[in-house]
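Single-structure report; data block below.
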Amino acid sequence: DAKTTQPPSMDCAEGRAANLPCNHSTISGNEYVYWYRQIHSQGPQYIIHGLKNNETNEMASLIITEDRKSSTLILPHATLRDTAVYYCIVRVNRDDKIIFGKGTRLHILP
Amino acid sequence: DVKVTQSSRYLVKRTGEKVFLECVQDMDHENMFWYRQDPGLGLRLIYFSYDVKMKEKGDIPEGYSVSREKKERFSLILESASTSQTSMYLCASGGQNYNEQFFGPGTRLTVL
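Sequences listed follow chains A and B, in order. In this text, residue positions in the first sequence follow the working numbering: the first is 1, and each later residue adds one. In this text, residue positions in the second sequence follow the working numbering: the first is 1001, and each later residue adds one.
Shown next, in the form of structure tokens:
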């Protein structure tokens, strides 16, 4: 079973920051938080991951709470091309299989 | 760029046929994975492989088998296709030093 809880859908206005929440209250000390997204008719795409520190790359920022029980993925300036299903995943190490939950369907509104 | 390719985007087969889905990656990754994706159920892991000739069952292996004769190629086999196996099939690969898995575009299989 997926170890994460996400809202089924969210809307965000184009050009605004999209903040996608994820709860992972049973996360273990050695589990990382990963985010993937899936644009319609494509395979999932890796976005970012972190253990306990906040992370940023060219796609997004990941904010993890101090107790690690929740996190937020931030797309700083959402565009229509960011419309996708976003999956929050916890996993032990880089070789472990990924267990996908149902994700959040993000709609970017023009 | 990492490339994971799948042999077909769309495939239509009849019940009872043997079906081969091929996946090839060009980044010398050790790990390869097969998932299926269904509405309301998300992605589910069928089989994965950590090395040539090695395979591990995922969460839903029943009705499937796999083959990994070469490092770059991972095949999913439906011995006798059934209508319940109509789905989107996604292949992924990842190296031991990679944190992410790279996915192919998917094969939409319809079994009539």
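Using N, Cα and C, we set each Cβ at its ideal position, and we do this for glycine too.
Using a Cβ-Cβ distance cut-off of 8 Å, determine whether residue i contacts chain A.
i        : result
E1100(B) : yes
L1076(B) : no
P1105(B) : yes
L1109(B) : no
F1020(B) : no
L1011(B) : no
G1058(B) : yes
G1042(B) : yes
L1112(B) : no
Let's test the definition: count the other Cβ atoms within 10 Å of the Cβ of residue i and tell me whether it reaches 16, buried, or not, exposed.
i        : result
R1009(B) : exposed
Y971(B)  : The requested residue 971(B) does not occur in the structure, where chain B is confined to residues 1001 to 1112.
F1020(B) : exposed
P1039(B) : exposed
M1054(B) : exposed
A18(A)   : buried
I39(A)   : exposed
G103(A)  : buried
H1029(B) : buried
L73(A)   : buried
L1041(B) : exposed
E1062(B) : exposed
Would you give the residue range spanned by the beta strand (DSSP E) that residue i belongs to?
i        : result
D11(A)   : 9-13
N23(A)   : 18-23
L75(A)   : 70-75
V1111(B) : 1107-1111
R1073(B) : 1073-1078
E1069(B) : 1065-1070
Y1047(B) : 1042-1049
Taking only the alpha-carbon atoms, compute the straight-line gap between residue i and residue j and give it to the nearest angstrom.
i        : j        : result
R16(A)   : S61(A)   : 14 Å
Y32(A)   : R1014(B) : 42 Å
Y87(A)   : S41(A)   : 16 Å
R81(A)   : F1103(B) : 18 Å
S129(A)  : S1080(B) : Since the first and last residues shown for chain A are 1 and 110, residue 129(A) lies out of range.
K3(A)    : R68(A)   : 13 Å
E55(A)   : E1072(B) : 32 Å
S25(A)   : K1018(B) : 43 Å
G1058(B) : R105(A)  : 26 Å
L1112(B) : S1087(B) : 12 Å
Identify every residue that forms a DSSP beta bridge with residue i.
i        : result
V90(A)   : V33(A)
Y1089(B) : R1036(B), T1107(B)
Q1006(B) : C1023(B)
Y46(A)   : Y36(A)
N1031(B) : G1094(B)
L1011(B) : L1109(B)
K1057(B) : Y1047(B)
Please confirm whether residue i has its beta-carbon closer than 8 Å to some beta-carbon of chain B.
i       : result
Y46(A)  : yes
G103(A) : yes
K97(A)  : yes
G43(A)  : yes
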